[in-house]
Structures are given as structure tokens and as C-alpha cells.
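In C-alpha cells:
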């Protein structure tokens, strides 16, 4: 298990100095953590290791850092190779059949010669990267052949290729596509080097030269891309640009024994803001764990490439003890199943989004290159279905459509997955997992991951976690594993679980999921603390926030309020204060000393790309609520018609129920939005949760006072808002 940095500020430190940090993994088994109200999924990655005792590393890429990497430990471990050898010797398919194809294919011929050159160019004029791709095919085929047979003839020729490139290549360049070259070919070269590093015929000095080539020519482009995105705004480029460079960075870090580089890749996955960061890969999680991939509105060729790169990233991390496959209730699997389903010509739900920062819209799913047969599927299919026992019907269908993964037919993946990734199918009888319960209006929406071999699922409900569970629905495989429970009462708590029926009988139940139906006060800031800068949540008397930069407590509507000077004062609330909320209410009293344009009453987010916020005064002088996962270009907004009064107390509230958002001023409806797609839980966990401060650094700080700040799960009624607005 490796450690990743915590905090978006440290991303800049990593990219500036190549430093390491503290980290996170998520465990994966059938004993998921209990899902709570709305959309807090089980089996999610948690920050279990907050130790920040990192090594002091230098920005000099030539300085190695001792690290606990497993070797070989990129896409293939020694256990993988032993499995291949055993299966081939036993004549079992698909291993033996694929091996026979490989060993008789041109990739493993012993009369090949390397074609190395000094300058690798992708993009613009004089491109020559296809020549490297030809040699990558040969290097990988020879490396596999050597490790499986241990015949020196294959090893010697593979080393000849590796040495020729490391002693010849001096530059990786081109237009913006050079970053794709650095990622895609960097990860492939590192993986081939990782396979060959134990070959006695590859001299230590030659291994070091190959590592230096990757560290000096490929890694700097990977790091620069994730730091700057070629100087463009973050939502300009599609997810595969980030994924390619993360893949390359991670592979180079492991192969070169540079833990700081590996951690830089992990940190970007967890805390980065580009479209390839984990929080942004799935724009919208539909019911039944259908994860709308970020590029699904672009085309299906690149969506399938996303499957390739997500799989490689997760497998490389898995082999070093970091489980990205299970992150956020198998979020990567949700995207892969979504892509697979659409590409076997089944329909999928799609939520439009955009424009992004370059006015690119995604109004519907793209049918361009639908049915694409990129050989991406063996790796994730075997991990999720055969290793974990999760039902993966759409990946199975897509793999059947693509067929055996043999020779490398595209430029972006190594290929031969039916040899390297195939695992025995699991036994049937496992339990479903990852049950989630989300409140939507007056219903509870439940979704879960199925079990391999299940013939049906029994969804059960109890009024108490230790009470008697009764079956409320039977669901059959073939469509989405989701059910909406409409027979619920406001104010009641419900506990749900699901079992699988197979030829082996009834499985053990999943972990339970809790649904709290109706409005519940989750956060209440009275600001009635005596002297401390620490704020209490009066709901449970827990510490929840901090007064920052001299914010003061002064007399308010009732008791005390917080006073903000409009210069740099603000309130910092804890991470994730709204991450479980679907339907919600946020309400507060506000006294504006000055109606500063774009100052915030509250702003909960991670950056100026992803947030939910309430502005007392826009450039037009009126109040506005906004929520986005792309940037302000794609804000979903509720905008009032009239300016707020300054110099007096005003009550503001915003509610969301069943996609209808309402903004209230002094207890009266001021505006509404009838078709909002986003809710707080869709932003995932937010760590910049502020009162009086904006995600945009150029925006003004709030000049005024805030009192009686409340967050509810569920939407208060108009009459209940009116009661809150009565001093």
C-alpha cells in the first residue's frame, strides 16, 4: 500500500518539486461499509492513512528514491507469468490458443531489427511515431516470449531493441499530441522494461540508461501536462489526455523505483481537477450503477480507449497494493459497463452537460464509431467478474463481440489480453455488494452490484437494522439493478439489503443501506460560541468549522452571528458537509454591509470547476444559486429578479426536490428551476466548503454578517421556509 498526498494545494508542490506524500487505498471484499442516506456508496476509498511524514525528494529526475515497489509489478507480476506458463502447459484455453498465436506471430520473430531514431514526433509535420509503435509490438512480444519460455534468444533480442532506443532517442516532440505520445508510449516502454528487468542478459548500466530515457524524455511531459494542460483551461481536453499521462507517469515511477513519481500520479487521480481525475471521469452516475463516461458525448472510439487506460491505471496500482478498482463503490466499473452496454447496441441513459470552457456541448450520447472493437475488455472483465465475483453482463457481451484479444491492432494498448489477463471464472453463490439508497422526493432509489451467476435478486426492507427484513421486490438480471421504493413514510428510517438467488441457493445478504425519509437537520451553525474560533454543529455538538483570518462573532438575529470584513475573512467548514445530499435545503440569515459583486454566502466545492454556491449579488445585482461539475460555463442556476437589501437582515434559502430547485428570499419564492440535473452528492466529496468566500480567487469576499446557517437533507416546504424566515 502506498501513500498519496492529501489536499489540492500539495498537487502544485508535487508538480514543482516531485515530492511524495501520504495516502489512501480502499479495501475490496463483500463486507462493504454501510451505505447511508442519499448516495454514500459502499466499498469506497477512504483516507485511512493521514500520515504526512513524506520523504524529502528533489526535483532532479536523476536522483532515485528508495521505495517498497513489488517487481515485476506493472501490468504483469511473477504470479501472472506462472499462471500463463501453467495454463499453456496444460493446454487450457484461451491461454494456450493465444500463446500459439503469439509465438507464431511476427511480433516474436527472431529476425527483427530495431528502428530507433533520435527524435520522436507525434502531431504536426514529419510524424514518425508509427515506427516506434512497430518496435513496441516487437519488444512486448519478445518480452512475453522470454518470460514464458525463459529462452535467451527472445530475451537477447528484446534487450537489443530496448538498448537501441535508450541509446538513440533524444527528444519527444510534436504539437500538443506529444503529450499523448509521452503517456501512451511511456507506459508501454516502462511495462516492457519491467518485464525484462530480471533478465540476466540486460546489464545494470543498460537498465539505468533505459530508466533515464523515460525519466528525462517522457516523465517531464507527463508531469507538465497534468500541471498545465498545455496552458488551456481544465475542461478543454477530454479525459483520455489526462489518463494517458497518468498511466505513463505511474508506470515510469514504478519501473524507475521513483515512489515520488508514482505518488504524483496517485495524487492527481484523487485530487486533480482535470477531466481524467477520478471525480470527473463519470459525469453522471445513473440509477443501476450506469456511469456516464466523460467522453460519451464525443465518440465511442475514445470512450473505449478510456476503458483501456482506466484498466491499465487500476491494474498497475493494484499490483502495488492500491485499489482503484473499488474506488467509490466501483465507480470505474460503472463507466466500463456503461460504455460496454452502449457499444453492444443497447441504449443507455444520458444527461446533457456543457458548455465547457471552450463552449463544447454534450447534448446527447455520440453514436460515432458505436460498436468499436478496441481490445480493452479482458483486463477489467477478469478483475471484476473472475477475481471479485461481480456480475458484469455488458462487459461480457462486449468481450464476446470483440473476441479473443490477441495481436496489438491499435496504437494505444499492448494487447494479448487473452493470454496475460485471463483468469478462471469464479464459483457462483456470492453476495451482491455496494447497495446504495438515495432519497429522491418521496421515494427511495436503490442500486447495487450483482453477483456472478445470480438468477434473481431479493430486495428486502426493515424498519430497524436488527429487525425482521421482508422482501419488497424481486429483480431479474438483464436490465439495470435498481428499484424505487415508493411505499415509504416521511420521518421514517428504513434499512435495506439484497440477496442473490443462484443454482447454489440463496446468498448471504449484502451490507445494509440506510434511508432517512423526510427532511433532517444535518448542520446548524448558531455562532453562539463564547471565545473559540472553532464552530460547533448544534445538531450533535461536534466541531464543524473554523473562523478564518479574523472573522468575528457579533450580535445577530438570535444570539450571535459571524461578521466578515469583505477583505479576507471567511468561515471554513469540514470536508464533505454536503456529499450525501440529494434533495436538500440550505438556509441562513444574511446582513449585507455592501453588495459586492460575486461575493458568496456559501460556496461548497473543490475548485472553480466543481461547486455549489449562493451569490447575494451577481453582476446584475441579484441573488443566484449555481451548481456545476464543469465550470461556470455549465452552471445550472436559479436567479432572483430583484436585488437584496443592504444594511438589514434578509433570510435566504434554496431547496431541491425531484429536480426542482427553488430560491427563497424572506420566506417567499423568488425563482425556480424546474429541471435541475445536479445535486450535491453528484459533486462527490468537497473540501473547500466556505461561508463568505468564492472558489474563484478573483471574486470578492463577503462584507456582512451570517446567522442561523442550516443544511437539511430533504427539501423544506414553503411554509417551513416561511417559519425559518420569521425572526
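In the UniProt record's numbering, the protein residues as written are 1 to 727.
Glycine residues also receive a C-beta, built at the ideal position from the N, C-alpha and C atoms.
Quick caveat, the model's predicted, so the values are computed rather than measured.
Cβ separation of residue i and residue j, assumed to be a contact under 8 Å, to the nearest whole Å
{"i": "residue 730", "j": "residue 486", "result": "Residue 730 lies beyond the stretch modelled for the chain, which goes from 1 to 727, so this question has no answer here."}
{"i": "residue 545", "j": "residue 452", "result": "In fact, because the Cβ distance is near 45 Å, the residues do not count as touching under 8 Å."}
{"i": "residue 305", "j": "residue 374", "result": "7 Å"}
{"i": "residue 192", "j": "residue 244", "result": "Contact doesn't hold; Cβ gap of about 17 Å is too wide."}
{"i": "residue 294", "j": "residue 238", "result": "7 Å"}
{"i": "residue 638", "j": "residue 673", "result": "5 Å"}
{"i": "residue 177", "j": "residue 161", "result": "Going by Cβ atoms, the distance from residue 177 to residue 161 rounds to 24 Å, so no, they are not a contact pair."}
{"i": "residue 625", "j": "residue 661", "result": "7 Å"}
{"i": "residue 366", "j": "residue 298", "result": "6 Å"}
{"i": "residue 211", "j": "residue 265", "result": "No, residue 211 and residue 265 are not in contact; Cβ-Cβ is about 16 Å, not under 8 Å."}
Between the CA atoms of residue j and residue i - distance to the nearest angstrom
{"i": "residue 34", "j": "residue 658", "result": "Caution applies to residue 34, whose pLDDT of 33 falls short of 50 and renders its modelled position unreliable; the value that the coordinates give is listed next. Cα-Cα distance, rounded: 25 Å."}
{"i": "residue 314", "j": "residue 251", "result": "11 Å"}
{"i": "residue 52", "j": "residue 317", "result": "At residue 52 the pLDDT is 31, less than 50, meaning the model places this residue with poor confidence; the figure from the coordinates comes in the next sentence. Their Cα atoms are separated by approximately 20 Å."}
{"i": "residue 384", "j": "residue 337", "result": "11 Å"}
{"i": "residue 163", "j": "residue 139", "result": "11 Å"}
{"i": "residue 185", "j": "residue 412", "result": "8 Å"}
{"i": "residue 359", "j": "residue 670", "result": "29 Å"}
{"i": "residue 361", "j": "residue 577", "result": "30 Å"}
{"i": "residue 125", "j": "residue 174", "result": "8 Å"}
{"i": "residue 271", "j": "residue 182", "result": "22 Å"}
{"i": "residue 56", "j": "residue 302", "result": "With a pLDDT of only 34 at residue 56, under the threshold of 50, the placement of this residue in the model should not be trusted; the figure read from the coordinates follows. Approximately 38 Å, taken between the alpha carbons."}
{"i": "residue 188", "j": "residue 447", "result": "37 Å"}
{"i": "residue 740", "j": "residue 691", "result": "This structure cannot speak to residue 740, because the chain is shown only from 1 to 727."}
{"i": "residue 581", "j": "residue 380", "result": "31 Å"}
{"i": "residue 111", "j": "residue 141", "result": "13 Å"}
{"i": "residue 635", "j": "residue 471", "result": "41 Å"}
{"i": "residue 717", "j": "residue 699", "result": "32 Å"}
Residue i classed as buried or exposed, judged by whether at least 16 other C-beta atoms fall within 10 angstroms
{"i": "residue 153", "result": "exposed"}
{"i": "residue 492", "result": "exposed"}
{"i": "residue 554", "result": "exposed"}
{"i": "residue 307", "result": "buried"}
{"i": "residue 113", "result": "exposed"}
{"i": "residue 46", "result": "Low confidence applies here, because residue 46 scores a pLDDT of 31, under 50, leaving its location unreliable; read the following figure in that light. Looking at its Cβ environment, which holds fewer than 16 other Cβ atoms inside 10 Å, residue 46 is exposed."}
{"i": "residue 311", "result": "buried"}
{"i": "residue 478", "result": "exposed"}
{"i": "residue 368", "result": "exposed"}
{"i": "residue 398", "result": "buried"}
{"i": "residue 223", "result": "buried"}
{"i": "residue 568", "result": "exposed"}
{"i": "residue 619", "result": "exposed"}
One or two residues paired with residue i in a DSSP bridge
{"i": "residue 705", "result": "563 and 591"}
{"i": "residue 555", "result": "560"}
{"i": "residue 690", "result": "572 and 603"}
{"i": "residue 485", "result": "444"}
{"i": "residue 456", "result": "501"}
{"i": "residue 649", "result": "591"}
{"i": "residue 290", "result": "286"}
{"i": "residue 163", "result": "Paired residue(s): none; residue 163 is not in a bridge."}
{"i": "residue 718", "result": "According to DSSP, residue 718 bridges with nothing at all."}
{"i": "residue 362", "result": "353"}
{"i": "residue 433", "result": "449"}
{"i": "residue 222", "result": "BP columns for residue 222 are empty, so no partner."}
Close Cβ partners of residue i (< 6 Å) along its chain, the five nearest in sequence each way excluded
{"i": "residue 591", "result": "649, 704 and 705"}
{"i": "residue 133", "result": "411"}
{"i": "residue 202", "result": "159 and 196"}
{"i": "residue 684", "result": "279"}
{"i": "residue 709", "result": "525 and 588"}
Sequence-distant residues of the same chain with beta carbon closer than 7 Å to residue i, five excluded per side
{"i": "residue 609", "result": "234, 235, 273, 630 and 631"}
{"i": "residue 291", "result": "282, 285, 331, 334, 335 and 338"}
{"i": "residue 744", "result": "No information on residue 744 is available, as it lies outside the stretch 1 to 727 that the chain covers here."}
{"i": "residue 528", "result": "559 and 560"}
{"i": "residue 309", "result": "240, 243, 244 and 247"}
{"i": "residue 675", "result": "659"}
{"i": "residue 76", "result": "195 and 420"}
{"i": "residue 522", "result": "539, 711, 712 and 713"}
Cβ neighbours of residue i in the same chain (closer than 8 Å, five flanking residues each side left out)
{"i": "residue 594", "result": "566, 646, 703 and 704"}
{"i": "residue 795", "result": "The structure shown has nothing for residue 795, since the chain only spans 1 to 727."}
{"i": "residue 474", "result": "456, 457, 458 and 459"}
{"i": "residue 425", "result": "385, 386 and 452"}
{"i": "residue 198", "result": "71 and 72"}
{"i": "residue 382", "result": "421, 422 and 423"}
Contact with chain B by residue i, beta-carbon distance below 8 Å
{"i": "residue 109", "result": "Among the chains in the structure shown there is no chain B, since it carries only a single protein chain."}
Distance cut-off 7 Å: residue i Cβ against heavy atoms of the ligand GTP
{"i": "residue 218", "result": "The model on display carries no ligand, and the ligand GTP is accordingly not part of it."}
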